[in-house]
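Encoded as structure tokens, the structure appears first; notes follow it.
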Amino acid sequence: MELEPTIGLEIHTELKTKTKMFCDCLNNPEEIVANKNVCPVCLAHPGTLPVINKKALEQVIIVGLALNSEVPEYSKFDRKNYFYPDLPKGYQISQYDMPLCKGGELSLFLSNDLGESKKNIKITRVHLEEDTGKLIHSTDKESTLIDFNRAGVPLMELVTEPVIHTGKEARLFAQGLQLLLRTLGVSEADMEKGQMRCEVNISLSENKKLGTKVEIKNLNSFRAVERSIDFEIDRQKKILEDGEKVIQETRGWDAGKEITYSQRLKEEAQDYRYFPEPDLPRLHIYSKTKEGGLFNLEQMESQLPKLPWQTKQNLIQTYDISSQEANILVQNDKALLFFKDTVSKLDPKYKKTGTPLADNYLTTDILGIKEKEGLDWKDIKLSSDNFARLINNLASGKISSRVGKDILLDIIHSNQDVEEIIKTRGLEKISNESQLKSIISEIIRNNQKTIEDYKKGKENALQFLVGQAMAKTRGAADPKLLEKLFKEQFS
Ligand SMILES: [Zn+2]
């Protein structure tokens with residue numbers, strides 16, 4: 001049985017505006033005092049009227065322009081009617097048939113696989129609506145409290161076409177979108193904080209015939225997006241292969257057990273009885289032919305920052321680094337700036353060999369230490385000047401890579417001058433054979449048993465001796481040269 005997964009995503013993102021979507025309450029996702037940022041408008045008192053936040057419209061249009069969406073000349077808001085305790089009005093102001101952006105696409109540019117990174121995921125639409133309040137259930141499950149700080153916060157919804165086939169593709173799409181939204185400055189899109197929330201629609205088609213659609217809701221990490229889809233594909237495959245039917249339903253994700261579970265059955269599409277929001281005017285977004293409209297799209301397009309996939313391409317071309325390394329830098333703007341600064345300060349003689357070294361020491365070692373020690377970027381004291389000096393010394397062969405890594409461990413916290421460390425600790429690479437030979441004779445004198453082992457064929461005995469010599473020279477010797485010299489002694 002040929003079963004093909006068809007997956008579509010719906011991604012909601014809270015926009016980073018100063019005030020809410022239809023009132024002048026602060027839009028502050030960090031607010032910890034419940035029901036502080038509320039007013040009669042976002043609490044839906046009778047007789048109040050919404051006023052559109054133009055900045056939110058602008059932010060969604062910027063996203064659309066970056067995704068190559070069509071921005072129609074006219075748009076409008078609609079009421080989506082449903083009841084839920086976190087929705088004070090009894091309806092949500094959303095967009096139905098005239099969204100701000102239609103179509104567009106986003107490539108899976110963060111994939112390390114070059115073929116996959118060129119794959120474009122088609123987007124159906126991007127529209128604007130308002131967020132709901134937050135329900136807080138007490139731990140004893142006896143009561144529920146409501147916080148309306150979030151009610152009325154501008155929320156962007158992006159819907160993809162059902163063209164995704166694996167959990168990994170869905171994750172790469174969401175990661176790429178997050179990076180784009182951050183680059184455009186429209187949202188922090190932090191999934192853990194609920195600023196970006198993913199829903200997945202998934203069905204398995206048999207011989208090109210679409211199957212029953214299952215929805216997975218409230219996915220709040222990239223891992224959850226990928227794993228829940230892979231789990232669901234397996235689950236539905238087993239059902240269909242057993243000759244049973246998949247039920248149309250909404251499922252949740254248990255991140256602990258890594259399984260999806262049934263939340264509620266969806267026998268028919270809910271009727272939201274959409275109708276145009278009577279309290280808001282139709283929006284004249286821009287004019288194709290003459291002056292007029294709320295925005296000048298040409299100007300907005302020309303002011304777009306460099307988009308992350310363009311930055312990645314530039315990095316690969318300018319610095320000759322791999323797609324994988326470029327992905328790390330493009331997702332970490334502070335590391336990217338540090339890398340560029342360092343390369344610009346390298347000795348011109350060593351630019352060619354030093355650039356990949358700088359990239360490698362930064363993306364592997366510095367970011368590795370940062371992660372391991374739980375450091376913030378500001379905790380890293382190392383300056384790009386000093387780091388460039390370290391790389392110069394490595395590229396010129398003055399110090400060994402072992403010494404380089406040792407020094408790095410210190411200077412990351414102290415920023416002590418690299419040249420000074422090399423000089424005071426005598427770390428210059430020893431490639432003077434006669435100097436090494438005296439060290440070797442001493443080690444041979446003191447390790448007779450190991451030498452007998454080596455002569456009996458124990459290969460790692462040699463590594464032990466090299467290690468002793470490295471320790472004696474505090475890593476300053478060339479291990480390859482030591483190995484050669486030891487072997488000469490025994491031949
Ligand atoms: Zn308000």
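For the sequence shown, position 20 matches number 20 in my numbering, and the numbering has no gaps at all. Ideal placement from N, C-alpha and C gives every residue a C-beta, glycine not left out. All of these numbers come straight from a predicted model, not from anything done at the bench.
My understanding is that residue i touches residue j, with C-beta atoms under 8 Å, so please give their C-beta distance in whole angstroms.
i, j, result
"P226", "V214", "Checking the sequence shown, residue 226 turns out to be Glu, not Pro. In fact, because the Cβ distance is near 16 Å, the residues do not count as touching under 8 Å."
"I216", "I239", "I216 to I239, Cβ: 15 Å. No contact."
"L315", "L329", "6 Å"
"V200", "A170", "7 Å"
"T496", "I407", "Given a span of 1 to 491 for the chain in the structure shown, any question on residue 496 remains unanswerable."
"Y286", "F295", "5 Å"
"S187", "L367", "So it is not a contact: roughly 24 Å between Cβ atoms."
"L204", "L110", "26 Å between Cβ atoms; not a contact."
"I93", "E129", "6 Å"
"L180", "A66", "6 Å"
"E161", "K208", "No, E161 and K208 are not in contact; Cβ-Cβ is about 16 Å, not under 8 Å."
"K484", "I439", "Actually they are not in contact, since the Cβ atoms of K484 and I439 sit about 14 Å apart, beyond 8 Å."
What are the residues that DSSP puts in a beta bridge with residue i?
i, result
"Y502", "The requested residue 502 is not part of the displayed model; the chain covers only 1 to 491."
"K134", "D147"
"I7", "I164 and I202"
"N81", "Y91"
"T19", "L26"
"L67", "Paired residue(s): none; L67 is not in a bridge."
"M156", "T13 and L128"
"S344", "In DSSP, S344 forms no bridge with anything."
"S75", "L283"
"R197", "H12"
"A477", "I430"
Continuous alpha helix (DSSP H) assignments of at least 4 residues falling wholly in the region 209-282:
222-241
I'd like to know if the region 77-96 and the region 135-154 are in contact, where contact means that at least 3 CB-CB pairs between them fall below 8 Å.
yes
List in chain order: all unbroken beta strand (DSSP E) runs of 3+ residues lying wholly within the region 90-143.
91-94, 105-107, 120-130 and 134-137
Using 8 Å as the threshold, is the region 276-284 in touch with the region 64-79, meaning 3 or more CB pairs across them?
yes
Could you tell me whether the region 240-258 touches the region 216-230, using the rule of 3 or more Cβ pairs below 8 Å?
yes
Mind listing, in chain order, the residues whose beta carbon lies closer than 5 Å to a non-hydrogen atom of ligand 1?
C23, C25, C39, V41 and C42
Any contact of the region 452-471 with the region 416-430, i.e. 3+ C-beta pairs under 8 Å?
no
Quick check: the region 64-72 against the region 98-112, are at least 3 beta-carbon pairs closer than 8 Å?
yes
With contact counted as at least three CB pairs below 8 Å, one residue from each stretch, are the region 344-354 and the region 369-382 in contact?
no
Is it the case that the region 391-401 contacts the region 425-435, given that we only count it when at least three CB pairs across the two stretches are under 8 Å?
yes
Using 8 Å as the cut-off, can you tell me whether the region 48-61 makes contact with the region 9-27, which would need three or more C-beta pairs spanning the two stretches below that distance?
yes
Just to confirm the assignment: which complete alpha helix (DSSP H) runs, minimum length 4, are found wholly within the region 381-449?
384-395, 401-414, 418-425 and 433-446
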